[in-house]
Amino acid sequence: MSDKYQGFVQTPIGKLLVKNLGLPNPTPLERYAAGAPLVDGTVLVGGRGRLAESLPGVLDLLGIASTQAPDADASYKGLVFDATGITTSADLNALRDFFTPVLRRLDTCPRVVVLGTPPESVEGGERVAQRALEGFTRSLGKEVGRGGTVQLVYVAEGAEAATASTLAFLLSPKSAYVSGQVVRIGATGTTKAAEVADWQRPLEGKVALVTGASRGIGEQIARVLHRDGATVVGVDVPQAASELQALMTELDGDHLTLDITGKDAPQRIAHHLKEKHGGVDLVVHNAGITRDKKLANMAEDRWDSVLAVNLIARSGSPASCSTRAWSTTTGGSWASPRSRASPATWARPTTPPPRPV
Ligand SMILES: NC(=O)c1ccc[n+]([C@@H]2O[C@H](COP(=O)([O-])OP(=O)(O)OC[C@H]3O[C@@H](n4cnc5c(N)ncnc54)[C@H](O)[C@@H]3O)[C@@H](O)[C@H]2O)c1
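So that you can map any letter, position 80 of the sequence shown is 89 in the working numbering, and since no number is skipped, the others follow by simple counting.
Next comes the structure, spelled out in structure tokens:
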């Protein structure tokens with residue numbers, strides 16, 4: 010939906026047409042601005058499970074106002090339901106009991122989070138009930154409307170103390186556009202989370218590498234990482250050097266111009282990170298190219314160039330590099346934007362490449 014349409018439906022004639030012709034009336038999505046509170050309103054907390062007792066304390070730590078006592082006259086910006094205590098299909102009634110009375114009393118752009126237990130970690134009726142939460146949250150996500158989002162977070166046994174950063178993201182406008190997702194905490198066996206001193210700048214002290222950072226999505230990723238406290242090292246091709254340098258100067262970051270498909274690119278990036286920053290905590294492999302041609306018309310060189318940038322450079326770089334610059338001090342993170350399915354843009358690594366030590 011274009012911004013022009015959104016602007017038009019706010020005008021008197023636009024409002025009239027929306028009402029009489031039944032045109033879509035999109036809610037402007039709230040976006041997070043640096044320094045703003047994570048949640049502008051109150052979060053209602055419900056459910057009984059492993060997390061219920063600690064939830065108010067976690068939200069308090071994040072500076073989020075919450076209550077466990079629903080008030081018939083109050084409206085809510087967010088809802089968090091601890092469904093980890095649900096062990097049978099009959100227990101799922103607790104979802105209706107909690108959500109139905111409050112769904113018409115949500116502020117615009119509300120945030121809903123359901124917390125569950127990974128189904129694969131439990132058996133029988135409990136597994137069925139926990140698996141059912143996925144369908145429940147996806148269908149509630151379609152219903153909630155008005156810029157609202159609904160997510161399911163499966164929290165593994167033992168990872169109860171590691172929910173803060175996930176809740177901070179999913180309950181705040183930082184997660185605008187993200188809905189109907191299933192997030193897993195502790196699924197890889199890591200059940201502890203690093204301490205965060207300042208939730209306004211959770212990436213303070215971290216070094217983040219962003220490829221393709223001079224423009225587009227990469228530029229916005231760099232801006233967000235900088236906003237959240239990270240030192241950003243932007244990478245882009247030599248042709249984009251001046252835009253890259255200007256942006257990284259604005260963000261107090263660092264830059265490196267090279268083609269990521271170059272044979273020595275992994276070594277050069279790793280050397281730079283190690284020498285100038287002592288390593289890297291976060292890698293966003295964003296650089297990518299599109300050669301939109303039907304597969305039936307696809308020339309070999311176009312096919313090869315897409316694979317070289319979008320897949321081979323991303324999956325090969327760190328693994329082919331033995332320096333510890335690619336390893337991270339705190340477990341680290343690896344991300345790569347997904348593209349729409351199209352003949353020339355499908356190539357994306359689905360899992361992070363192995364991290365050398
Ligand atoms: N635009 C979309 O709608 C969309 C949707 C989903 C995913 N994506 C993916 O997100 C990523 C960014 O998309 P965008 O729209 O911002 O693209 P863009 O073309 O605006 O920016 C891509 C950046 O990557 C850089 N780059 C390309 N090849 C490189 C190489 N070999 N070495 C170093 N840098 C290189 C470019 O110079 C450019 O700065 C891409 O991977 C794209 O496939 C885009």
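Heads up, the beta-carbon is just placed ideally off N, CA and C, and yes, glycines get one too. For clarity, every value in this text was computed on a predicted model and none was experimentally measured.
Residue 224 has its alpha-carbon roughly 14 Å from the corresponding atom of residue 266. Straight across, the Cα-Cα distance linking residue 55 with residue 30 is about 40 Å. Collapsing the DSSP output to three states places residue 268 in coil. Counting the other Cβ atoms within 10 Å of the Cβ of residue 102 gives fewer than 16, which makes it exposed.
Per DSSP, the beta bridge partners of residue 75 are 52. Counted as a single uninterrupted DSSP element, the beta strand (DSSP E) harbouring residue 194 occupies residues 191-194.
Scanning its chain for C-beta atoms nearer than 8 Å, with the 5 sequence neighbours on each side dropped, one finds around residue 43 the residues 209 and 236, in chain order.
For residue 207, the shortest C-beta to heavy atom distance toward ligand 1 is 7 Å or greater.
Residue 242 places its beta carbon less than 8 Å from that of residue 286. Residue burial is scored here from C-beta neighbours: residue 127 has at least 16 other C-beta atoms within 10 angstroms and is therefore classed as buried. Bounds of the beta strand (DSSP E) holding residue 120 are 115-125.
Using a cutoff of 7 Å, the CB of residue 318 counts as near ligand 1, since one of the ligand's heavy atoms is closer than that. For residue 224, the shortest separation between its Cβ and any heavy atom of ligand 1 lies below 7 Å.
Taking one beta carbon from each stretch, the stretch 58-78 and the stretch 102-119 have fewer than 3 pairs nearer than 8 Å; the two do not touch. Taking a C-beta distance under 8 Å as the contact criterion, residue 219 and residue 231 qualify as a contact pair. Inclusion of residue 269 in the 7 Å shell around ligand 1 follows from its C-beta lying nearer than that to a non-hydrogen atom of the ligand.
Note: residue 160 is bridge-paired with 122 in the DSSP secondary-structure output. In the three-state DSSP reduction, residue 86 falls in the strand class (E or B). Exposed is the label assigned to residue 98, since fewer than 16 other Cβ atoms lie within 10 Å of its Cβ. One Cα belongs to residue 90, the other to residue 167, and the distance between them is close to 19 Å. Burial of residue 156 is indicated by the presence of at least 16 other C-beta atoms within 10 angstroms of its C-beta.
DSSP, read as helix, strand or coil, puts residue 218 in strand. Rounded to the nearest whole angstrom, the C-alpha separation of residue 291 and residue 181 is 21 Å. Shown here, residue 344 sits in a strand according to DSSP, grouped into three states.
Residue 173 is positioned such that its CB atom lies no closer than 8 Å to that of residue 194. Non-local C-beta neighbours of residue 125 in its own chain, meaning closer than 8 Å and more than five positions away in sequence, comprise 92, 93, 95, 139, 142, 161, 162, 163 and 164, ordered along the chain.
Residue burial is scored here from C-beta neighbours: residue 40 has fewer than 16 other C-beta atoms within 10 angstroms and is therefore classed as exposed.
DSSP, reduced to helix, strand and coil, places residue 137 within a helical segment of the structure shown.
Excluding residues up to 5 positions away in sequence, 219, 220, 221, 243, 245, 293, 295 and 296 lie with their Cβ nearer than 8 Å to the Cβ of residue 227 in the same chain.
Here residue 113 is exposed, its C-beta having fewer than 16 other C-beta atoms within 10 Å. Secondary structure note for residue 292: its beta strand (DSSP E) is the uninterrupted segment 291-293. The alpha-carbon of residue 199 is positioned some 9 Å away from that of residue 171.
In this structure, residue 244 has its beta carbon less than 7 Å from a heavy atom of ligand 1. DSSP links residue 240 through a beta bridge to 216.
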